[in-house]
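The structure under discussion appears below in the form of structure tokens.
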Amino acid sequence: MPFSAAVSDFANELENLLSGALSKKVSFKVLKAPLDNQEWKFSLTTKDMVGVPICIDSVVVFYVQIFYNCAWNNITERITILESSYTVWMKDVKEPLWRYDYVRDMSSKAPIAHLNVHAHRDEIVWAMSLKKKKSVHDLKIQKLHFPFGGARFRPTIEDVLQMLIEEFDIDKSQNAKSILEESRVRYFERQLHSAVIDSPGVAIEALEKLGYAVSEPSEKHLTVKTKKRKTSF
Amino acid sequence: MTIMIQKLTSKTIKTERAKLLRKARVSTVLELQKRRESWDLTIEEYGILTRLESLAFLEGSERRVK
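Quick mapping for you: the protein sequence lines, in order, are chains A and B.
Numbering-wise, the numbering used here comes out as the position in the first sequence, counting from 1, plus 17.
Numbering-wise, the numbering used here comes out as the position in the second sequence, counting from 1, plus 41.
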């Protein structure tokens, strides 16, 4: 599949998911730049700068900002999400409520997939102050990165939306849950596909337990080095 | 549905960056990043900041985790 078709599919899936679940038009914008002859980088975010308005009883209460920074490899013809972020804001409030971030090649000590909660809890802040020397600006719960599922099984945009539906009863379409579930199945199967490539031995063992006979390929096409993906938190 | 894919070069990245900075009424991305430290940003300003950081990503820079 060529680059533009794959990126369009990705963006269309997101548009259909959000527009379908929330019963309102949500549009995305893609920017791309060449990395070299074999790779492209692209970023995908909502056209609207403030993100996706989320209503309760037809009144905007939240905004969800979504962005992805990705790479496309011309040889493997695969999109790799290198960074993603889902940030939930309350309308007219100058600080997010919570945000899920994913940075595949994390250079800091933060978990590659994590949740930041912008809240207050004295006991946690007190504990943060005990050992590490921190400035007063760092003594905030939002500075904590709660690990969340690693590279393969991190929360998805479907989870973010469904949480808002279940916990806040936001306005949604009648078939929102089935749209989210169908989309989650597609995401899970893609991630599982990648997880099998990470660990073919585990996949073979599981299939053999189910009665399948799996034979080794005559030549190995894929050389994957994904130890970091499995051991990173 | 057709998705518009905007192809950027180093020249057009600069133009995009200038447009976003003008919209946020700041002269550098650092001003917004500094305000993010204390989360003194509106939702729209944060949207502009993430777009500016995405432009840096397209140019090959690493993202700073907050």
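Beta carbons: idealized from backbone N, C-alpha and C, even for Gly.
Let me know if Arg63 of chain B comes out buried or exposed under the rule of 16 or more other beta-carbons within 10 Å of its beta-carbon.
Taking the first residue of the second sequence as position 1, residue 63 of chain B is located at position 22. It counts as exposed.
Identify which residue in A:Asp65, A:Ile73, A:Cys72 has its Cα closest to the Cα of Ile84 of chain B.
Locating residue 84 of chain B in the second sequence gives position 43, counting from the first residue. When each option's Cα is compared against that of Ile84 of chain B, the closest is A:Asp65.
Chain B partners of His154 of chain A, CB-CB under 9 Å?
For the purposes of this step, residue 154 of chain A is taken as residue 137 along the first sequence, with counting starting at 1. Result: Glu78, Ser79.
Quick one: what does DSSP say Asn192 of chain A is sitting in, helix, strand or coil?
Position 175 of the first sequence, counted from the start, is the residue given in the question as residue 192 of chain A. Coil at Asn192 of chain A, not helix or strand.
Just to confirm before moving on: does the CB-CB distance between Leu99 of chain A and Val105 of chain A stay below 8 Å?
Position 82 of the first sequence, counted from the first residue, corresponds to residue 99 of chain A. Position 88 of the first sequence, counted from the first residue, corresponds to residue 105 of chain A. Cβ distance not < 8 Å, so Leu99 of chain A and Val105 of chain A don't count as in contact.
Beta-carbon of Asn66 of chain A versus every beta-carbon of chain B: anything under 8 Å?
Walking along the first sequence from the start, residue 66 of chain A turns up at place 49. The sequence shown places Met at residue 66 of chain A, rather than the Asn named in the question. Closer than 8 Å: yes.
Output, in chain order, the set of chain B residues within a Cβ distance shorter than 7 Å of Phe45 of chain A.
Translated into the one-based positions of the first sequence, residue 45 of chain A becomes position 28. Ordered by position in chain B, the residues that pass the 7 Å Cβ test against Phe45 of chain A are Ile44.
Given a threshold of 16 other Cβ atoms within 10 Å of its Cβ, counted over all protein chains shown, does Met45 of chain B qualify as buried or as exposed?
Here residue 45 of chain B is taken as the residue at index 4 of the second sequence, counted from 1. Answer is exposed; the Cβ neighbour count stays below 16.
Which whole-angstrom value is the C-beta distance of Leu156 of chain A and Val142 of chain A, which I expect to be below 8 Å?
As a first step, residue 156 of chain A is located in the first sequence; it is residue number 139 there, counting from the start. As a first step, residue 142 of chain A is located in the first sequence; it is residue number 125 there, counting from the start. So it is a contact: roughly 5 Å between Cβ atoms.
Just to make sure I have the definition right: I need the residues of chain B whose C-beta is within less than 7 Å of the C-beta of Trp106 of chain A. Which are they?
Position 89 of the first sequence, counting from 1, holds the residue named residue 106 of chain A. Those within 7 Å of Trp106 of chain A in chain B are Ile84.
Under 8 Å by beta carbon: chain B residues contacting Glu30 of chain A:
Numbered from 1 along the first sequence, position 13 holds the residue referred to as residue 30 of chain A. What Glu30 of chain A touches in chain B: nothing, since even the nearest Cβ is about 10 Å away.
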